[in-house]
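Letter by letter, the sequence shown follows residues 20 to 383 in my numbering. Even glycine gets a Cβ: it sits at the ideal position worked out from N, Cα and C. A short worksheet on the structure shown next.
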Amino acid sequence: MGDKPGRNDPCWCGSGRKYKHCHLQRSSEPRLPFEAIIAKARESAYHQICLHPEASRESCGKIASAHTLQKSRVLRAIKSDDHHVLTFYPIQLENGRLKVHQRGWKKASTFKAFCEKHDSSTFAPLETEPFTGSKEQIFLIGYRAVCWELYQKVRAIKSNPTIRDLVDRSAPTEIQKVAQAMLGTQGAGFTKGYKDANRTKKAMDEAYLRRDYDSYRTYRVKVRGPLAIASTGAITPNRTLSGVMLQVLHDVNAKIEWLSFGVDIDAEGVSIVFLWEVNAVAPFRYIGEIDALSDDALVCFLPQFFFAHCENTYFAGSWWNDLGEYDRAFIESLMRNSNPYYFPPHYDFTRRLTSWSIIARERT
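This is the structure in C-alpha cells:
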C-alpha cells in the first residue's frame, strides 16, 4: 500500500478487483447512511442450507426456519400476552442506546440451517418429549448451538465484502486504508472462526450418527424461578473468570475448543446446560471456575454471561420493564462489548437480574 497503483493494477485493499473498479474513485463516492450499509450487508448475508450430516438433494425437504431455542416450552415461557419476546439482536443504536427489538415468539431464534425433514427428526427428543436433562437432550441443545454459530460465521463471511465496498465511501485515502485493514483482519477472523466451528461441528456429526453422547461432558445448573431470559450459543473460552489463559484464539495452528450452552424447562424449574468434548481442557477449566462460584454468585453470573457472549438471547418484556435503569444500562454495557474474548466482560457477582435460586448442579 505504498505507491499508488495503476488503474489496471490489483487494488491495494485486496478485493481482487482492478484499482479502477474498486478504490480509484472511492473518496468521491457518496457516503451511505449506516443503516443503509447494514441493510445491504444483511441482503448479502442471506444463506440457507441443511446442516444435517446426511443432508443431500435427495434426502432433504424444504429449508425450514428452524428454532435454536425450544419453542413450546422455552419461548412460550417468555412471550408476552401479545405473543412477542424481546431481544437486542440485531445490534442497532437508537438515540445513542441499544435498541430493544420485539419479535413474534414463533419467529424468534430461527435460522435457515436445516430442512424441515431433518430439523424435525434430529431434534424430536427436544421438541416432542418433556425435558429430563438426559445426555441426549443436552447434546442436542449443544449441537444446535454449534450449528447456529457455524451458520452465523458463514453469514459474516458473505457480508464482509459488501461492508468493505460501502463503509469507506467519501473517506480520505488514509482513512480508507485503516478501515480496510480492520475489516480485512475481521474477515480473516471470520474465516478462521468458520474453520474452527466446522471442525467442531463435524466431530459432533459423528457423535450424533453413532449416538455416542458419552464423548461429551455436561454441566447442568437447575434453578427455581421463572424463565425471564433464554439464550443458546457456543463460545471458545480463552481465559477463566479469574483471568487464567486457556487457549490462544488467533493461533492459526491451534485446535480451538468450544463450549456450547442453552436452556430448557422441566417440572422442577429452569435448566442452564453446557456441553463440551470430553478431552477439551479449556471448557473444562472454564466450567470449573463457574462451578466454584457460590450459589448467590452463580445466579448473578448466568444471565450476565448470556448477554456478554451471545446475541441469540431473548427475554420477557415484563422482566425488562421491571428492571431499573441502572440494571438496563449494565446489560447494555455487556452487549456493547463486541469482543468479550480480548476485552473480558466485567461481571458483577452481586447484581441479581432474576429471582432465580439454585436447586442443584450436575456434572457428567
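- Taking V240 as reference, the option from Q199, D315, S91 and S139 with the minimal CA-CA separation is D315.
- Sequence-distant partners of F334 (beyond 5 residues in either direction) whose C-beta falls short of 8 Å from its own C-beta, in its chain, are I97, V104, L105, T106, A247, I248 and A249.
- Burial is judged here by how many other beta carbons sit within 10 angstroms of a residue's own beta carbon; A311 has fewer than 16 and is exposed.
- Looking at the DSSP output, R116 sits in a beta bridge with E113.
- Annotated three-state conformation of A335 is coil, per DSSP.
- Just measuring C-alpha positions, the residue of E54, S91, W31 and D138 sitting nearest S84 is D138.
- In this structure, the beta-carbon distance from W338 to V242 does not fall below 7 Å.
- Listed in chain order, the non-local C-beta contacts of Y38 below 8 Å within the same chain comprise P24, G25, R26, N27, D28, P29, C30 and W31, local neighbours out to five positions each way being set aside.
- Judged by beta-carbon spacing, Y238 lies within the 7 Å limit of I306, meaning their Cβ atoms are closer than that value.
- Our two residues, I160 and G281, have alpha carbons roughly 6 Å apart in a direct line.
- The beta-carbon distance between Y361 and Q323, rounded to whole angstroms, is 18 Å. This is too long to meet the 8 Å contact definition.
- A301 is positioned such that its CB atom lies closer than 7 Å to that of P256.
- Here the stretch 43-56 lies against the stretch 176-196, with 3 or more beta-carbon pairs under 8 Å apart.
- With a beta-carbon spacing of about 19 Å, H66 and T141 fall beyond the 8 Å limit used to define contacts.
- Straight-line spacing of the CA atoms in K59 and T210 works out to 20 Å.
- Here A198 carries a helix assignment [DSSP, helix/strand/coil].
- Within its own chain, the residues whose Cβ lies closer than 7 Å to the Cβ of V297, once the five positions on either side in sequence are excluded, are S234, Y235 and R236, listed in chain order.
- Distance from the CA of H120 to the CA of L342, rounded to the nearest whole angstrom, comes to 16 Å.
- Following the DSSP letters along the chain, one finds D283 inside the beta strand (DSSP E) bounded by residues L278 to I284.
- For L169 against M354, the beta-carbon gap comes to about 22 Å, at or over 8 Å, which does not count as contact.
- For Q111, same chain residues with a beta-carbon under 7 Å away, outside a window of 5 residues either side, are K118 in chain order.
- If you look at E135, you'll find it in the alpha helix (DSSP H) that goes E135 to T141.
- If you compare the alpha carbons of F303, V289, G244 and N340 with that of T259, the shortest gap goes to F303.
- In the DSSP assignment, S178 falls within the unbroken alpha helix (DSSP H) covering K154 to L185.
- Per DSSP, the unbroken alpha helix (DSSP H) holding E344 starts and ends at E344 to R355.
- Annotation: the continuous alpha helix (DSSP H) that includes R61 extends over F53 to S63.
- Here M201 is exposed: its Cβ has fewer than 16 other Cβ atoms, across all protein chains shown, within 10 Å.
- Take the alpha-carbon of G288 and the one of E344: they are about 28 Å apart.
- Counting the other Cβ atoms within 10 Å of the Cβ of A253 gives 16 or more, which makes it buried.
- Here T373 is actually not in contact with G262; their C-beta atoms are around 26 Å apart, not less than 8 Å.
- The C-beta separation of A74 from C134 comes to about 7 Å, placing the pair in contact by the 8 Å criterion.
- The continuous stretches of alpha helix (DSSP H) do not include F293, which lies in the beta strand (DSSP E) extending over residues V289 to E296.
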